[in-house]
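Protein chains: 2
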Amino acid sequence: MTPTSSARSPDTGDALIRAALRLFGEQGYDATSTREIAAAAGANVASISYHFGGKEGLRAACGDFIIGRMGSVMAAAFDIGDPGAPSGLTPQEASLRLVQICERMTQALNGEEGRLLAPFMLREITSPSSLIDTIYEGMIGPVHQRLCRLWADATGAPHDAPETLLRVFSLVGQIVYFALARRIVLKRMGWDDFGASEAATLTSVLRANVEAIIADATVR
Amino acid sequence: MTPTSSARSPDTGDALIRAALRLFGEQGYDATSTREIAAAAGANVASISYHFGGKEGLRAACGDFIIGRMGSVMAAAFDIGDPGAPSGLTPQEASLRLVQICERMTQALNGEEGRLLAPFMLREITSPSSLIDTIYEGMIGPVHQRLCRLWADATGAPHDAPETLLRVFSLVGQIVYFALARRIVLKRMGWDDFGASEAATLTSVLRANVEAIIADATVR
DNA sequence: GTCTATAAACAGATAGAC
DNA sequence: GTCTATCTGTTTATAGAC
Chain L
60 MTPTSSARSP
70 DTGDALIRAA
80 LRLFGEQGYD
90 ATSTREIAAA
100 AGANVASISY
110 HFGGKEGLRA
120 ACGDFIIGRM
130 GSVMAAAFDI
140 GDPGAPSGLT
150 PQEASLRLVQ
160 ICERMTQALN
170 GEEGRLLAPF
180 MLREITSPSS
190 LIDTIYEGMI
200 GPVHQRLCRL
210 WADATGAPHD
220 APETLLRVFS
230 LVGQIVYFAL
240 ARRIVLKRMG
250 WDDFGASEAA
260 TLTSVLRANV
270 EAIIADATVR
Chain X
60 MTPTSSARSP
70 DTGDALIRAA
80 LRLFGEQGYD
90 ATSTREIAAA
100 AGANVASISY
110 HFGGKEGLRA
120 ACGDFIIGRM
130 GSVMAAAFDI
140 GDPGAPSGLT
150 PQEASLRLVQ
160 ICERMTQALN
170 GEEGRLLAPF
180 MLREITSPSS
190 LIDTIYEGMI
200 GPVHQRLCRL
210 WADATGAPHD
220 APETLLRVFS
230 LVGQIVYFAL
240 ARRIVLKRMG
250 WDDFGASEAA
260 TLTSVLRANV
270 EAIIADATVR
């Protein structure tokens, strides 16, 4: 349906974002040149300024892309089974839900799209002047709050106690660590890649950890 | 005892390494210019080439510095109490030792020097072409192996089973996470800084986690 | 919308005076 | 050992043809 004109564009902007996500994630923002991004996206250098107003605008677009994708993955994880029920879970139900969400997070971070998004996100989290505020308010903060309420339902601990917040962070932390230190883990395990069987082994270990930590924190 | 000549140097090389560790850690290697490093160290741009042969040489020197410092911290942590006894610990002793080592790691990563070294190390771990091999073989690998043997003594599990290696990684991972995501944790907790009382709260949570995970993995 | 050509700033490295 | 000055290559951004 494109009229007649010279060049077509299924979506140059989208290709630029995907290329930038990968390269920013692998090498870092400053280590990646706009020429490199354009080449990887099969586009022209000037198209970055045209579509996003410059390199920094492309970075911001990557952040919005991440918040959208990861946000919907997390939203789906929270609503496993019953996309309606807001509250009133038994401790056993809440505990199971927590374990399931952790498994989904493990899968999401180690799946195909996660391996595109996670490195970029980790870099933004650790860099001082970056998208950290946007990503925190758009995704990390809300997700952590919901996890804390589930934690409270599961253990009987107050949802806003410092210990609760830190316990939930440590739950998430051990999952994120395996995305962060993938290269080291592969090397030590003698694994070539992170396939289905490796993922299954990791998932079972993390599930055991999560269940042990929840049980330990449960008010008896 | 320095002869008579013009300029003195307590140690320009050392000042350059410390400045580079901080700036590389905060901003990343590529985002940091040699001029910036020299200014922060109170030295001249040309001194980097003179002392280290160039920017890449300075990066390698930072890696060696880290391996030396962190290595001795970890060595001390393993030898708490008895710097001689090689083996033959009861499960209870091994478990306690494991918990103590985790506490030392938490302190080391969140203490003054850890806050200088950890960001740099985390960046090197996540970057593709970097010092990851050097740091792995000089520190991470050996430390992980020793932790796995302690884990085996504590739980009765084989020291080289995949589950053992992954359990130990998850132990370390949750500790590293709080160094990685410090900014996010501070924001969510409503903390201004990471002082003594905050460190105490975190340490107690992590200790509880470690003990729960060890207990869960113990062969009964 | 896409491209080429170019501008203006900045990078790391080094020669040579001191 | 330290400094200034400079060389060479690369960066992002943009003007203007198509």
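Residue numbers (this note's numbering), protein chains in the order written: chain L, 60 to 279; chain X, 60 to 279.
Beta carbons are placed, not taken as given, at the ideal position from N, Cα and C, and that holds for glycine.
Given the structure is predicted, the values throughout are model-derived calculations rather than measurements.
**Prompt:** Start and end of the alpha helix (DSSP H) containing W210 (chain L)?
**Reply:** Taken as a continuous stretch (DSSP letters only), the alpha helix (DSSP H) holding W210 (chain L) covers 200-214.
**Message:** Please list, in chain order, the chain X residues whose beta carbon lies closer than 9 angstroms to that of T260 (chain L).
**Reply:** P221, E222, L225
**Prompt:** Beta-carbon of G200 (chain X) versus every beta-carbon of chain L: anything under 9 angstroms?
**Reply:** yes
**Option in X:L148, X:C121, X:Q204, X:V278 with minimal Cα separation from K246 (chain L)** = Nearest of X:L148, X:C121, X:Q204, X:V278 to K246 (chain L), Cα basis: X:Q204.
**Item:** Minimum Cβ-Cβ distance from K246 (chain L) to chain X less than 9 angstroms
**Value:** yes
**Message:** If you reduce the DSSP assignment to three classes, tell me which class S64 (chain X) lands in.
**Reply:** Low confidence applies to S64 (chain X): its pLDDT is 38, below 50, so where it sits in the model is not reliable, and the reading given next is rough at best. In the structure shown, S64 (chain X) sits in coil (DSSP, three-state: anything other than H, G, I, E or B).
**Message:** Could you check whether the stretch 95-106 of chain L touches the stretch 159-171 of chain L, counting it as contact only if at least three pairs of C-beta atoms, one from each stretch, sit closer than 8 angstroms?
**Reply:** no
**Below-9 angstroms beta-carbon distance, Q158 (chain L) vs any chain X residue** = Note on identity: in this sequence residue 158 (chain L) is Val, with Gln being the wrong assignment. It does not; no Cβ of chain X falls within 9 angstroms.
**Request:** Could you round the C-beta distance between E85 (chain L) and P178 (chain X) to whole angstroms and report it? I think they count as a contact, below 8 angstroms.
**Result:** About 19 angstroms separates the beta carbons of E85 (chain L) and P178 (chain X), which is beyond the 8 angstroms limit, so they are not a contact pair.
**Neighbourhood of T63 (chain X) by C-beta, 8 angstroms cutoff - its chain only, sequence neighbours within 5 removed** = Low confidence applies to T63 (chain X): its pLDDT is 35, below 50, so where it sits in the model is not reliable enough to give any reading.
**Asked** Using the beta-carbon of each residue, which ones in chain L are nearer than 9 angstroms to P187 (chain X)?
**Response** E85, Q86, R242
**Asked** Does the Cβ-Cβ distance between V104 (chain X) and V269 (chain X) come in under 9 angstroms?
**Response** no
**Own chain partners of L75 (chain X) with C-beta closer than 7 angstroms, once the 5 adjacent residues on each side are dropped** = I96, A100, A102, S106, I107, H110, L117
**Request:** Could you pull out every residue in the same chain whose Cβ sits closer than 7 angstroms to the Cβ of S65 (chain X), ignoring the five residues on either side in sequence?
**Result:** Any reading at S65 (chain X) is ruled out, since the residue's pLDDT is 40, under 50, leaving its predicted position unreliable.
**Item:** Below-9 angstroms beta-carbon distance, Y236 (chain L) vs any chain X residue
**Value:** yes
**Request:** Identify the contact partners of V264 (chain X) in chain L, using a Cβ-Cβ distance below 8 angstroms as the criterion.
**Result:** E222, L225, R226, S229
**Prompt:** Pick from X:Y195, X:W210, X:L168: whose alpha carbon is nearest that of T262 (chain X)?
**Reply:** X:L168
**Request:** Kindly indicate the opening and closing residues of the alpha helix (DSSP H) around T71 (chain X).
**Result:** Its alpha helix (DSSP H) spans residues 71-86.
**Request:** Could you tell me the distance, in whole angstroms, from the CA atom of R128 (chain X) to the CA atom of G200 (chain X)?
**Result:** 16 angstroms
**Item:** Beta-carbon proximity of F124 (chain X) to F237 (chain L), cut-off 9 angstroms
**Value:** no
**Request:** Could you tell me which chain X residues have their CB closer than 9 angstroms to the CB of D89 (chain L), listed as they occur along the chain?
**Result:** Q86, G87, Y88, D89, A90, T91
**Between the CA atoms of Q151 (chain X) and Q166 (chain L) - distance to the nearest angstrom** = 35 angstroms
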